[in-house]
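Okay, so here's the structure we're looking at.
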Amino acid sequence: MTALNRVPSLMVRAGTASALTIAAVGGSIVVPGVASEAAAAAPATKALQIAASKKGAPYKYGATGPYRFDCSGLTQYSFKKAGKKLPRTAAQQYNKTRHISAKNRRAGDLVFFHSGRNVYHVGIYAGKGRIWHAPKTGDVVRLQKIWSKSVWYGRVK
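Note that the sequence shown ends on residue 1324 in this note's numbering; no numbers are left out.
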């Protein structure tokens, strides 16, 4: 039986919630035995899945989870659960990442929104030009298309 033949039966066993999480994360299937072990264990992939699992959590300025988040609180929480340490603010997180170009970005990288040299927002790249983020007061953690060209990308070391 090939890996592709096993995917439907694994999806049935994983359940609807897992299938929805996989779809929301950008269609990447990370199933032990199907995906490479390195990809399944990658902290960035795990952080992306954790952020997606927080869909609908309310935004609260200064909150770092597990039930409410601000933008950098969501990224810090997600990477901490994935085994990586990040500082508290978006600007501090930018300074702790390996800066990469837009063409080299991949799911799980951080997307930093900036005005001039000042970083003011961060999210986790989900692929296809979208990020998981905690947008602003009155909003919730959600998947959204990147709305600005004033972004930088960083890979957590």
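Don't be surprised by glycine CBs; every beta carbon is placed ideally from N, CA and C.
Quiz item: So N1271 is in the alpha helix (DSSP H); what residue range does that whole segment cover?
Solution: Run containing N1271: none; DSSP gives neither H nor E here.
Exercise for the section: Using a threshold of 9 Å, state whether the C-beta atoms of W1299 and L1241 are closer than that. Expected result: A contact, by the Cβ cut-off of 9 Å.
Which one of A1211, K1221, A1214 has the shortest CA to CA distance from D1306?
Closest option to D1306, Cα to Cα, is K1221.
Give the straight-line distance between the Cα atoms of Y1234 and P1225, rounded to the nearest whole angstrom. Computed Cα separation, rounded: 7 Å.
Can you say whether A1191 is buried or exposed, counting buried as having 16 or more other CB atoms within 10 angstroms of its CB?
Caution is warranted here: a pLDDT of 46 is assigned to A1191, below 50, making its placement in the model unreliable, and the coordinate value is therefore given only provisionally. Per the 10 Å Cβ criterion, buried.
Could you name the residues that DSSP lists as bridge partners for F1246?
Its beta-bridge partners do not exist; DSSP assigns none.
Backbone CA spacing between V1318 and S1268 [nearest angstrom]: Between V1318 and S1268, the C-alpha separation is close to 10 Å.
For the putative contact between A1257 and V1286, defined by C-beta atoms under 8 Å, what is the C-beta separation to the nearest angstrom?
Going by Cβ atoms, the distance from A1257 to V1286 rounds to 5 Å, so yes, they are a contact pair.
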